[in-house]
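Trainee:
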Amino acid sequence: MVEKVAIPTRRSTGHVGLIFSDGFTLARFPQGEGMPRLGFVFTTLVRGNTSPKYSDDARLNRQIAIIEAGLESYRIVRMVPIPRAEDLKRLITIARVGERVGEDDSVDCDGLMTDQLGVVIELRPADCHQILLDAGCAFALLHGGKTELRRNVVEIGVLALCETFGVMPEQIALIDGPGIGPCCYKEQDKFSIDLRAMIEEQARGIGISNILFATNCTCCSRDPRDEKTRIFPSHWRQPGIRFSAFAGPLL
Ligand SMILES: [Zn+2]
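With my numbering applied, the sequence shown corresponds to residues 7 to 257, in that order.
1. Between Cys223 and ligand 1, is there a pair consisting of the residue's CB and a ligand heavy atom that are separated by less than 7 Å?
2. Is the distance from the Cβ of Gln122 to the Cβ of Leu129 below 8 Å?
3. Alpha carbon to alpha carbon, what distance is there between Glu193 and Cys223?
4. Roughly how many angstroms separate the alpha carbons of Val103 and Arg228, rounded to a whole number?
5. Whole angstroms is fine: what's the gap from Gly185's alpha carbon to Cys226's?
6. Taking all protein chains shown into account, do 16 or more other C-beta atoms lie within 10 angstroms of the C-beta of Asp182, making it buried, or fewer, making it exposed?
7. Please state whether DSSP places Asn216 in a helix, a strand or coil.
8. CA-CA distance, Lys152 and Cys115?
9. Apply the 10 Å Cβ neighbour rule to Ala203 and answer buried if 16 or more other Cβ atoms are within range, or exposed otherwise.
10. Please list, in chain order, all residues of the same chain as Pro58 whose beta carbon is under 7 Å from its beta carbon, the five residues on each side excluded.
Set out below in structure tokens:
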């Protein structure tokens with residue numbers, strides 16, 4: 007009888023705390039050895055709502071955040087997740103940044119990718135994960151909500167990036183921004199939903215081994231200087247507020 011032998015796999019999953027700027031207005035991944043090559047910056051509750059859908063102050067809040075993050079000279083293209091309720095059978099859509107169309111530089115999609123210099127991709131989440139794929143010559147940002155992850159958005163996004171820019175999954179690093187954790191996200195008040203575990207499973211399944219997660223849960227992370235103060239907007243905690251995640255080859 008042949009015994010099954012467990013083959014040890016090399017795992018390089020990392021969890022890092024984000025770095026906060028003065029006054030906690032912005033959070034970012036640390037950069038440097040073993041850290042993302044791309045800049046990945048997030049606004050916090052201090053900066054307020056950045057979605058005009060939910061607040062009249064949002065445009066100003068976002069503009070201040072862009073200046074604080076040093077992004078004024080970049081073209082910021084926003085991905086707009088498509089509401090699910092309209093068509094439950096709709097496929098996941100990964101788009102490529104093209105020419106700017108109209109006043110609002112945005113694309114309706116579940117993932118947006120580019121190899122253009124000077125382009126930053128923005129997503130405005132509140133609990134959904136923002137999944138950055140860095141392929142060196144190009145990058146993508148994916149919308150990692152429960153619905154998209156159950157439809158394999160990571161696998162579909164990685165394949166799109168590989169086919170479009172001629173790279174292999176092994177060359178891609180995955181960096182996951184702040185999103186809701188299993189500590190807070192429950193289905194029917196009892197079953198924990200672990201979006202990070204879904205992201206990691208899909209990434210490993212397609213051949214990505216370089217994976218980095220932000221440790222912060224959008225729903226329960228608190229300012230260490232004042233334990234009463236939350237750091238990020240969270241739809242789960244308080245519906246109707248969004249923050250901005252900006253990803254790109256920032257200087
Ligand atoms: Zn939590």
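Don't be surprised by glycine CBs; every beta carbon is placed ideally from N, CA and C.
Mentor: So, from the listed chains and residues:
1. Residue 223 sits at position 217 when you count from the first residue of the sequence shown. Yes, the beta carbon of Cys223 sits closer than 7 Å to at least one heavy atom of ligand 1.
2. Taking the first residue of the sequence shown as position 1, residue 122 is located at position 116. Taking the first residue of the sequence shown as position 1, residue 129 is located at position 123. No. Outside cutoff.
3. To locate residue 223, count along the sequence shown from 1; it is residue 217. To locate residue 193, count along the sequence shown from 1; it is residue 187. A direct Cα-to-Cα measurement between Cys223 and Glu193 gives close to 17 Å.
4. Taking the sequence shown and counting its residues from 1, the one referred to as residue 103 is at position 97. Taking the sequence shown and counting its residues from 1, the one referred to as residue 228 is at position 222. So the two alpha carbons sit approximately 35 Å from each other.
5. Against the sequence shown, residue 185 aligns to sequence position 179. Against the sequence shown, residue 226 aligns to sequence position 220. Cα-Cα distance, rounded: 10 Å.
6. Position 176 of the sequence shown holds residue 182. The residue is buried, with at least 16 neighbouring Cβ atoms inside 10 Å.
7. What you label residue 216 is simply residue 210 of the sequence shown in a count that begins at 1. Looking at Asn216 - three-state DSSP - the assignment turns out to be strand.
8. Mapped onto the sequence shown, residue 152 falls at position 146. Mapped onto the sequence shown, residue 115 falls at position 109. When rounded, the separation of the alpha-carbon atoms in Lys152 and Cys115 is 15 Å.
9. On the sequence shown, residue 203 is found 197 positions in, with the first residue counted as 1. The residue in question, Ala203, is exposed, as its Cβ has fewer than 16 Cβ neighbours within 10 Å.
10. Taking the sequence shown and counting its residues from 1, the one referred to as residue 58 is at position 52. Short of 7 Å from the beta carbon of Pro58, and not among the five residues preceding or following it, lie these beta carbons of its own chain, in chain order: Ala64 and Arg65.
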